[in-house]
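All residue numbers for the sequence shown refer to numbering that gives the first Met the number 0, where the first residue is 0 and numbers rise by one. We put the CB at the ideal spot given by N, CA and C, even for glycine. Bear in mind that the values here come from a model prediction, so they are computed numbers and not experimental data. Have a look at the structure below, then the notes.
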Amino acid sequence: MKDLIVFGAGDLGKHIVYNIDMFEVEYNILGFMDEDANKVGWELCGLPILGIDYLQSNKAENLCMVIAISSPSAKEAISKKLELYNIEFPNFISPHCWLSKGVKLGQGILIYPNSTVDFETEIGDFVTINAGCTIGHNVTIGRFSTIAPGVNLAGFTELGEKVNMGIGCCSIQKIKVGNSSIIGGQAMLIKDIESGKTVAGVPAKIIK
Ligand SMILES: CC(C)(COP(=O)(O)OP(=O)(O)OC[C@H]1O[C@@H](n2cnc3c(N)ncnc32)[C@H](O)[C@@H]1OP(=O)(O)O)[C@@H](O)C(=O)NCCC(=O)NCCS
C-alpha cells in the first residue's frame with residue numbers, strides 16, 4: 000500500500016482524512032503536511048502534522064500526496080514547491096460521480112460525490128470539483144481552479160487557471176472566464192469574464 004500525505008492541516012484536509020473511504024482508495028496515511036510553523040509538530044485527527052523539511056530528510060519514494068487547500072493561488076504555490084520532489088499526485092474521484100468517456104484529466108484532481116462531467120471535457124491539474132456539480136460537455140477547467148458545491152457549467156464553458164467558482168453558480172454555454180477570476184455564490188454567467196475580476200449576481204456583474 001502506498002504512503003499518503005495530506006497537504007493542508009485545515010478543514011479540507013481534515014475532511015479528506017475523515018472521509019477517505021468516500022473515494023474508495025486505500026493508502027497508508029502518514030499524516031498532514033503544512034507550511035504553517037504554528038501547526039507543524041502538533042497532531043490533527045490523531046495524525047502528525049509534518050513540515051516540508053520532512054521531504055528533505057525522508058526519501059519520497061512511492062509517496063503520494065493530496066493537496067487539500069481550496070485557495071487556487073495557494074494550491075499553485077504549494078505545487079511549485081513540491082515539484083522539487085518525486086511525489087505522485089493521484090486523482091481522488093468519488094465513485095458516486097459520473098464521468099463520461101472522453102473526459103481528459105490531469106493530476107491531483109479531487110471530485111466529490113454526485114458530480115457529473117460530460118464528454119470531451121478537460122480538467123487541469125489540481126482542480127477541485129465539490130459535491131453535486133454538473134460540468135457539461137466540451138468544458139475546459141484550467142489548473143488549480145476550485146469549484147464549490149452545486150455549480151452548473153453549460154457546454155463549451157472555458158475556465159482559465161486559478162478560477163474560484165462560488166457555491167451554486169452557473170454558466171450558459173460558451174462562456175469564457177479569465178485566469179484568477181472569482182465568481183460569487185449563486186452568480187449566473189451570461190457574458191465572458193476578464194481575468195482577475197470578481198463578479199456576483201444574476202446576471203453576474205463585476206463587483207471588484
Ligand atoms: C463574491 C464574493 C467572493 C465577494 O466577496 P468580497 O470580495 O468579500 O465582497 P463583499 O462581501 O465585500 O461584497 C461586495 C458587494 O457584493 C455583494 N455580494 C457579495 N457576494 C455576493 C453574491 N454572492 N451575490 C450577490 N451579491 C454579492 C455584497 O452584498 C456587497 O454589496 P454592496 O457593496 O452593495 O454592499 C463572496 O461574497 C462570495 O459569494 N463567495 C463565494 C464563497 C463560496 O461559495 N464558498 C463556497 C465554500 S464551499
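Compare the Cα-Cα distances from L152 to each of M187, G183, R142, P94 and report the closest residue. M187
Taking 7 Å as the threshold (C-beta atoms), are I4 and M64 in contact? Yes, the pair counts as a contact, with Cβ atoms nearer than the cut-off.
Spatial distance of K38 from Q172 (CA atoms): Cα-Cα distance, rounded: 43 Å.
Looking only at DSSP bridge pairs, what is F91 linked to? L109
Closer than 6 Å: G7 CB and nearest ligand 1 heavy atom: Because no heavy atom of ligand 1 lies under 6 Å away, the Cβ of G7 does not count as near it: no.
Determine the DSSP secondary structure at E208, reduced to helix, strand or coil. Any question about residue 208 goes unanswered here, given that the chain covers just 0 to 207.
Sub-7 Å separation of I189 and T197 beta-carbons: no
How do the stretch 19–36 and the stretch 90–108 stand: do at least 3 beta-carbon pairs fall below 8 Å, yes or no? Three or more pairs of CB atoms, one per stretch, sit closer than 8 Å, so the stretch 19–36 contacts the stretch 90–108.
Is the stretch 123–132 close to the stretch 102–112, with three or more CB pairs under 8 Å? yes
Please tell me whether, using a cut-off of 6 Å, the distance from the CB of I206 to the nearest non-hydrogen atom of ligand 1 is below it. yes
Between the C-alpha atoms of E60 and E193, what's the straight-line distance to the nearest angstrom? 42 Å
As assigned by DSSP and simplified to three states, the class of S170: strand
Is L83 helix, strand or coil when you go by DSSP? The DSSP-derived three-state label of L83 is coil.
F22 - DSSP class collapsed to helix/strand/coil: helix
I believe T139 touches E157 by the beta-carbon criterion, under 8 Å. Please report the beta-carbon distance rounded to the nearest angstrom. 5 Å
Where the beta strand (DSSP E) through V213 begins and ends: With the chain running from 0 to 207 in the structure shown, residue 213 is simply not present.
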